[in-house]
Every structure is written in structure tokens, then in C-alpha cells.
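Working notes, structure below.
Chains as they are written, first to last, in the numbering used here: chain A, 1 to 104; chain B, 1 to 611.
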């Protein structure tokens with residue numbers, strides 16, 4: 001079993017209150033214990049099945065992808081979409097979900 | 001003329017002769033070039049010969065709007081400035097929003113061509129199909145906002161009766177990155193378009209909210225499509241709710257926030273510097289552009305910290321980046337203060353950020369002593385010293401004279417290692433306010449574009465909108481392929497006289513254009529117009545001396561990040577391959593980047609094919 005952290009920079013603090021820590025208005029984070037071989041996609045799917053706000057705002061269970069306008073970071077590294085979803089989680093890994101940058 | 005959306009007239013102002021004249025636009029010209037950067041690219045190529053330098057009276061300064069300006073499409077008060085600019089000494093194209101684009105059409109014109117040089121400072125007033133050149137002697141040395149106030153007072157008009165775009169002291173003193181600023185905070189910022197105005201002794205241009213009309217062919221469809229655009233724009237990222245600063249932390253998260261002149265990517269203070277923080281802590285008032293429902297920019301009053309009580313325009317993302325992390329500042333009020341300062345002085349915020357950040361790095365590493373900097377303590381984050389430096393730059397006083405040349409030229413004059421620390425392209429322009437080592441499509445575009453800023457894409461990379469597949473943002477091949485295939489649609493946008501934030505879906509935008517003009521344009525046609533502009537500007541730049549060696553980043557701009565989420569990513573590893581792939585996709589010679597004759601012919605540019 002591996003312990004991994006999921007962190008959302010999506011201002012979802014109130015909607016996830018009680019289930020996620022909220023170190024700031026922007027950030028929500030939670031530690032998860034996952035089995036060997038669990039991928040980032042598996043983790044996001046599992047969270048979406050358990051938490052309505054994640055299913056509604058973050059991960060499209062049917063499409064098995066992040067919802068439009070979001071981007072994922074795996075262990076402090078930006079990767080292409082396919083690589084990101086296929087990553088097999090290791091102990092101590094962190095997955096961060098951000099809004100896609102627009103404008104400016 | 002059988003097209004909706006146009007006045008069919010161009011105003012020509014000869015500043016040397018002190019005359020104005022009106023030229024009729026032919027229908028075929030409009031259909032081919034559409035407006036904005038399209039009109040500008042055509043006039044620039046035809047009227048500015050190789051050998052004419054940016055500050056020569058023979059240079060042209062073309063302001064053009066497009067079919068959507070003033071049409072009722074929300075936020076369509078936009079115009080585009082095209083000229084040969086001082087940062088690159090190649091073409092420059094820069095858009096500004098606000099009101100001017102709509103007012104110019106209501107005053108009877110689709111565009112203005114300025115030529116020559118006035119003997120003393122002047123400003124131009126456009127009203128009811130006529131134009132007048134007036135003395136600007138009393139405006140000399142005044143900042144942008146003072147200039148606007150004096151002109152309104154002189155014309156005895158209210159706030160929304162006229163739109164005024166002007167240069168500040170920086171433009172008058174030909175600071176190479178001086179922009180044109182109007183309507184209290186809207187900016188045509190790139191490639192020193194304001195310095196060119198200064199070189200022509202043109203201080204300001206005023207357009208009345210006139211009563212001239214132009215036809216809208218299908219108002220019902222236009223309203224429907226406009227509503228659809230707005231619904232999409234509202235949910236396309238954080239702009240509607242939080243402004244462009246709403247993406248600030250996301251930019252940090254992907255390693256694309258510029259921190260201390262690219263020496264690090266670590267900036268934990270980003271949560272107190274973003275749009276969400278500003279709009280939940282400062283007092284906010286709406287400040288929309290012409291008929292804009294997005295109203296993404298506000299006015300703010302700082303409510304905490306050393307700048308408490310200061311009221312100013314809300315800093316957009318690029319100001320937050322330039323005067324926050326790029327100069328090592330963590331105090332949001334300081335960003336508001338510096339944003340106010342550059343807008344008044346008439347200095348481009350992006351270049352200001354690169355110049356100040358580079359100077360601070362040079363000071364930290366001992367290249368500049370405090371004496372060299374006229375006594376200024378330019379340690380990272382010292383915003384008051386940065387303010388003093390900006391004032392010196394605007395007036396070319398002391399160290400400001402060197403820095404007024406922009407970071408590429410200043411760093412080359414200083415030489416040594418310091419030359420390697422400057423962030424710029426080898427054409428001489430500088431990036432927008434990001435660490436593009438975390439945004440390869442934009443880094444590549446900034447280097448290869450013909451406009452002196454972005455050409456093929458911008459912040460949001462949205463291949464799905466035009467039917468292209470998602471791609472790996474750190475694959476050399478996929479990035480250059482995306483840029484090659486996406487190129488065209490953004491230059492088409494810049495022909496229209498509308499705001500990028502108001503045009504989130506290219507297909508809907510084309511439908512709006514059709515509803516206004518009566519055309520039956522497809523998305524493919526729109527790409528063709530955009531590619532025509534790209535190739536026209538490229539042929540101009542090539543004729544004026546551009547080479548492939550100019551299409552690279554500086555050493556620091558293309559360096560490998562030492563920390564953060566893009567640590568170790570190296571875009572330069574396959575730069576040559578990216579260029580070849582991109583040139584090939586655009587129908588250009590892979591070695592020289594010169595468009596093939598068949599490419600020009602396909603775009604209706606046969607006249608540019610050399611024997």
C-alpha cells in the first residue's frame with residue numbers, strides 16, 4: 001500500500017469541508033492510501049465516486065478524464081495528458097489539479 | 001459597397017504636411033484583408049520600403065479596426081496598431097481594447113494611416129467624418145492620464161463622449177518599449193508603437209462617439225451568436241469571475257510564472273498575489289470596455305498594507321507577474337502602485353518587468369553598484385526603487401537612458417555574463433509576462449512570430465476548438481506541429497476589432513462576422529485570411545533583414561529551469577528540428593523560412609513572389 005496526496009487548487013474548500021484539509025481558500029488536500037499499481041486515473045476515478053464535488057467539478061467518470069479547463073501535475077512535474085493519467089502512484093507521490101491558465 | 005460592418009473609409013494623416021485626406025476602400029480589398037492587422041499588414045508592406053527605419057518619417061503608423069467593432073458584439077471596441085517597431089526594427093502589431101475601435105467607426109472611419117513627422121507636438125481629433133490636427137505643445141511632458149484630462153477639458157466633453165489614446169513621457173522620449181495607452185488603462189503595448197508615435201511628434205489621437213452608422217446584415221443572428229459567445233466565455237476559465245489575475249496561481253502551478261528573472265520557479269506567495277485574493281480583499285468597481293458584458297477589468301482600492309487607500313485600475317495578470325514575482329515583490333499593493341506608474345508614464349509593463357528584473361539581478365551579483373544605479377537600492381522586491389527607476393527610464397535620466405533601450409540592447413552594452421541573463425528573443429522583442437519554459441507553445445511562437453509578439457496562439461492552448469488533437473506540451477515535435485497547424489486563426493481574430501476574451505470559440509466568431517457583413521465565410525476561410533496576414537508580415541520582415549538566426553530565444557529565455565514543475569525541461573535540445581517542422585507545415589523553405597511561391601500564390605499574394 002502507498003500513501004499519496006491529492007491537492008486541488010480550485011477554491012472548493014467549503015464543498016469539501018470535513019473530507020479535505022483546507023490550508024487556504026484556494027487549496028484542498030487529502031491523503032489517500034492506494035494499492036500497488038494504482039494509476040493517477042484510478043485515483044481520480046475513486047475520488048469522484050466518493051465525493052460529489054470531485055465528480056461534478058474535477059473528474060468526468062464517464063469520459064475518464066479531467067473536466068474541461070483543468071490540468072494535472074504529478075509529483076511536481078507537468079506532463080502531457082496521456083502520460084499523466086497512466087502514471088503509477090508510488091509512496092509519497094502528490095497529484096495536484098489546477099485550472100488551465102487562461103488569459104493575461 | 002455591398003458589405004455590412006464597414007464605413008468603407010480610411011483616414012490618412014500626413015503629419016509633415018499637416019494635411020488630412022480620406023481614401024475609399026475597395027470591396028475586394030476589404031474581403032481580402034478584413035481589417036485590423038490585415039489592413040495594417042497590407043499598408044505597411046506597400047508603403048514602408050526596406051531601408052526605412054522605425055523612427056524615419058517615412059515609417060507608417062496604421063490604426064485599424066474591423067467588422068465587429070461597434071457592431072454590438074460585446075467588448076468590440078478594439079483596434080490594432082501596425083508599424084515598423086523599434087524593439088525588432090521589423091513589423092509590430094498590437095491590439096488595444098476600450099472604446100476607440102467602436103468610436104472610430106462611429107466617427108466614419110475603418111482605420112487611420114499616419115505618415116511623416118510633425119514639426120512640433122500635435123494631436124489629432126476625429127469627428128463626424130472629418131479630422132483636425134491640433135497643437136499639443138501644452139501637453140508636452142504630461143503623463144497619459146493628464147493628457148487625457150487636458151484634452152477632454154479642451155474639447156469640453158464628458159467621460160464617454162470621446163476615446164483618447166496617447167503616449168506619456170516615455171513615448172515622447174522614444175523609450176523603445178513605449179506603448180499607446182487610452183481610456184484609462186487600455187494599452188497597445190508591443191514593439192514600441194508609442195515610441196513610433198513619439199518619433200512622429202504625435203502625442204494623442206481622439207475619436208468622438210460619433211453618430212455615423214454602418215449596416216448590420218443579420219441583426220437577429222448576430223444577437224443569438226453573441227449570446228452564445230458570452231455563455232461560453234463566462235465558463236472558459238476564471239476570467240469572468242476573477243479577471244485575468246484569476247489564472248495567476250494556475251500559472252505558478254505549471255511552472256510558468258516568471259520569478260526573479262527566471263533564476264527560480266519558487267514563489268509560495270502566489271496565493272496573496274492572485275485575482276481571487278484581490279477581488280476578495282480589495283474594494284472593486286466595474287470598468288467595462290465598450291458594451292462589454294464580461295467586464296473583466298475593474299478598478300480597485302487597496303485596503304491593506306503600505307499602499308492602503310490607493311485607487312487604480314486593477315492590475316491584469318501581466319502586471320501582477322511583472323511587478324510581483326519577476327522583480328521579487330510579494331506585496332500586492334506594490335503591484336497596484338507600479339501598475340499605476342507605468343500606465344501614467346506610458347511604459348510597457350512586460351518589458352519594464354524584464355528590464356527591472358535583469359537590473360536587480362545585475363545589482364545582486366555586483367555587475368551594477370548603487371552608484372551605477374544613481375543611488376537606487378534595487379534589491380529584489382524594492383518597489384519604491386523600481387518606481388524611481390521607471391521615472392528615470394521614462395525621461396532617459398542617468399541609468400534610465402541605458403535601460404530605455406530595452407533589456408536586449410542594455411544587456412549587450414553592459415556585456416559579460418550580464419548579457420546572458422537578459423530575457424528576449426533574438427529579434428529584440430520580449431515575451432509576455434510568463435516563464436515560457438513552462439509554456440513551450442508560447443515560447444516557440446514568441447520567437448518565430450512576425451508580429452513582435454504572439455502570432456499563432458496565446459495563453460489558453462485550445463486545439464479542440466478547431467478540431468486539432470491534444471498534444472504533449474513538452475514534445476518538441478508536437479508543440480511545433482500544433483503551432484504550425486493552429487497558425488492563422490489568431491491573426492484572423494486581430495482583423496476583427498474585437499477582444500480575445502470575447503471570442504472564445506472561433507466558429508461562433510466567424511458566424512458573428514457573417515451576420516455583420518453578409519459573407520458566407522467558413523472557419524477554413526478565416527484560417528486563410530489569418531495565414532495571408534502571417535505571410536504578408538513575414539515577407540515584410542524578410543525584406544527588412546530578418547533571418548532564421550533571429551528566430552531563437554536568448555540564452556536565459558531558452559534556458560533549463562533549475563527547480564519547480566518544469567525542472568530539467570530543455571526546449572533548445574531540438575530547436576532546429578522544431579523550426580524545420582514549423583516552417584514546413586506553413587509552406588516555407590525549411591532552411592531559410594522563406595515562403596515558397598506556391599504558398600504565396602495559394603493565399604492570393606502572387607505580387608510578393610520575386611522573379
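Using N, Cα and C, we set each Cβ at its ideal position, and we do this for glycine too. Here the structure is a predicted model, which means the values were calculated and not measured.
Spatially closest choice to residue i from the options, by CA coordinates
{"i": "residue 111/B", "options": "129/B, 123/B, 581/B", "result": "129/B"}
{"i": "residue 194/B", "options": "228/B, 92/B, 274/B, 220/B", "result": "92/B"}
{"i": "residue 181/B", "options": "424/B, 431/B, 95/B, 584/B", "result": "95/B"}
{"i": "residue 364/B", "options": "210/B, 145/B, 328/B, 232/B", "result": "328/B"}
{"i": "residue 203/B", "options": "116/B, 124/B, 226/B, 473/B", "result": "124/B"}
{"i": "residue 188/B", "options": "100/B, 249/B, 586/B", "result": "100/B"}
{"i": "residue 45/B", "options": "147/B, 2/B, 421/B, 541/B", "result": "541/B"}
{"i": "residue 266/B", "options": "597/B, 599/B, 455/B, 567/B", "result": "567/B"}
{"i": "residue 228/B", "options": "594/B, 502/B, 8/B, 563/B", "result": "502/B"}
{"i": "residue 484/B", "options": "471/B, 175/B, 560/B, 213/B", "result": "471/B"}
{"i": "residue 70/A", "options": "555/B, 487/B, 462/B", "result": "462/B"}
{"i": "residue 82/A", "options": "47/A, 39/A, 21/A", "result": "39/A"}
{"i": "residue 515/B", "options": "372/B, 224/B, 561/B, 252/B", "result": "224/B"}
{"i": "residue 183/B", "options": "199/B, 77/B, 116/B, 105/B", "result": "77/B"}
{"i": "residue 60/B", "options": "116/B, 163/B, 489/B, 586/B", "result": "116/B"}
{"i": "residue 67/A", "options": "54/A, 78/A, 49/A", "result": "54/A"}
{"i": "residue 268/B", "options": "5/A, 13/A, 85/A, 26/A", "result": "26/A"}
{"i": "residue 552/B", "options": "539/B, 578/B, 378/B, 605/B", "result": "578/B"}
{"i": "residue 78/A", "options": "410/B, 586/B, 525/B, 253/B", "result": "253/B"}
{"i": "residue 496/B", "options": "33/B, 257/B, 2/B", "result": "33/B"}
{"i": "residue 592/B", "options": "201/B, 448/B, 359/B", "result": "448/B"}
{"i": "residue 351/B", "options": "477/B, 137/B, 414/B, 453/B", "result": "453/B"}
{"i": "residue 247/B", "options": "433/B, 389/B, 391/B", "result": "433/B"}
{"i": "residue 525/B", "options": "487/B, 538/B, 499/B, 444/B", "result": "487/B"}
{"i": "residue 500/B", "options": "68/B, 598/B, 415/B", "result": "68/B"}
{"i": "residue 605/B", "options": "539/B, 586/B, 230/B", "result": "539/B"}
{"i": "residue 286/B", "options": "312/B, 308/B, 261/B", "result": "312/B"}
Cross-strand partners of residue i (DSSP beta bridge)
{"i": "residue 5/A", "result": "31/A, 94/A"}
{"i": "residue 125/B", "result": "132/B, 206/B"}
{"i": "residue 623/B", "result": "Outside the displayed range of chain B (1 to 611) lies residue 623/B, so it cannot be described from this structure."}
{"i": "residue 9/B", "result": "24/B"}
{"i": "residue 17/A", "result": "20/A"}
{"i": "residue 59/A", "result": "66/A"}
Beta-carbon separation (whole angstroms), residue i vs residue j, contact threshold 8 Å
{"i": "residue 222/B", "j": "residue 512/B", "result": "6 Å"}
{"i": "residue 310/B", "j": "residue 336/B", "result": "6 Å"}
{"i": "residue 528/B", "j": "residue 468/B", "result": "Their Cβ separation, rounded to whole angstroms, is 17 Å, which puts residue 528/B and residue 468/B out of contact at 8 Å."}
{"i": "residue 70/B", "j": "residue 217/B", "result": "The pair is not a contact, with the Cβ atoms about 15 Å apart (cut-off 8 Å)."}
{"i": "residue 8/A", "j": "residue 97/A", "result": "5 Å"}
{"i": "residue 521/B", "j": "residue 90/B", "result": "Not a contact, Cβ separation roughly 29 Å."}
{"i": "residue 177/B", "j": "residue 87/B", "result": "6 Å"}
{"i": "residue 272/B", "j": "residue 332/B", "result": "6 Å"}
{"i": "residue 118/B", "j": "residue 25/B", "result": "Contact doesn't hold; Cβ gap of about 26 Å is too wide."}
{"i": "residue 169/B", "j": "residue 73/A", "result": "With 8 Å as the limit, residue 169/B and residue 73/A do not qualify as a contact, their Cβ atoms being about 43 Å apart."}
CB of residue i within 7 Å of CB of residue j, strictly
{"i": "residue 275/B", "j": "residue 243/B", "result": "yes"}
{"i": "residue 133/B", "j": "residue 18/B", "result": "yes"}
{"i": "residue 153/B", "j": "residue 127/B", "result": "no"}
{"i": "residue 16/A", "j": "residue 24/A", "result": "no"}
{"i": "residue 289/B", "j": "residue 98/B", "result": "yes"}
{"i": "residue 619/B", "j": "residue 583/B", "result": "It is not possible to answer for residue 619/B, since the shown part of chain B is limited to 1 through 611."}
{"i": "residue 144/B", "j": "residue 346/B", "result": "yes"}
{"i": "residue 533/B", "j": "residue 48/B", "result": "no"}
{"i": "residue 13/B", "j": "residue 114/B", "result": "yes"}
{"i": "residue 41/B", "j": "residue 536/B", "result": "yes"}
{"i": "residue 147/B", "j": "residue 139/B", "result": "yes"}
{"i": "residue 294/B", "j": "residue 386/B", "result": "no"}
{"i": "residue 491/B", "j": "residue 518/B", "result": "no"}
{"i": "residue 9/B", "j": "residue 22/B", "result": "yes"}
{"i": "residue 205/B", "j": "residue 165/B", "result": "yes"}
{"i": "residue 549/B", "j": "residue 420/B", "result": "no"}
{"i": "residue 383/B", "j": "residue 334/B", "result": "yes"}
{"i": "residue 34/A", "j": "residue 4/A", "result": "yes"}
{"i": "residue 393/B", "j": "residue 374/B", "result": "no"}
### chain B contacts from the region 82 to 101 of chain A (Cβ-Cβ distance under 8 Å)
Under the 8 Å Cβ criterion, the region 82 to 101 of chain A contributes 82, 83, 96, 98, 99, 100, 101.
### Query
Any residues in the region 70 to 82 of chain A with a beta carbon nearer than 7 Å to a beta carbon of chain B? Which ones, in chain order?
Under the 7 Å Cβ criterion, the region 70 to 82 of chain A contributes 71, 73, 76, 77, 78, 80, 81.
### Task
Give the residues from the region 9 to 33 of chain A that approach chain B closer than 9 Å (Cβ to any Cβ), ordered along the chain.
Residues of the region 9 to 33 of chain A that bring their beta carbon within less than 9 Å of a beta carbon in chain B comprise 9, 11, 24, 25, 26, 27, in sequence order.
### Message
What are the residues in the region 235 to 248 of chain B lying within 7 Å of chain A by C-beta distance?
### Response
236, 237, 238, 239, 244, 247
### Query
Which residues, in chain order, does the region 550 to 569 of chain B contribute to contact with chain A at a C-beta distance below 8 Å?
564, 565, 566, 567
### Task
For the region 469 to 503 of chain B, enumerate the residues whose C-beta is nearer than 9 Å to any C-beta of chain A, in chain order.
Cβ contacts with chain A come from 470, 471, 472, 473, 474, 475, 478, 500, 501.
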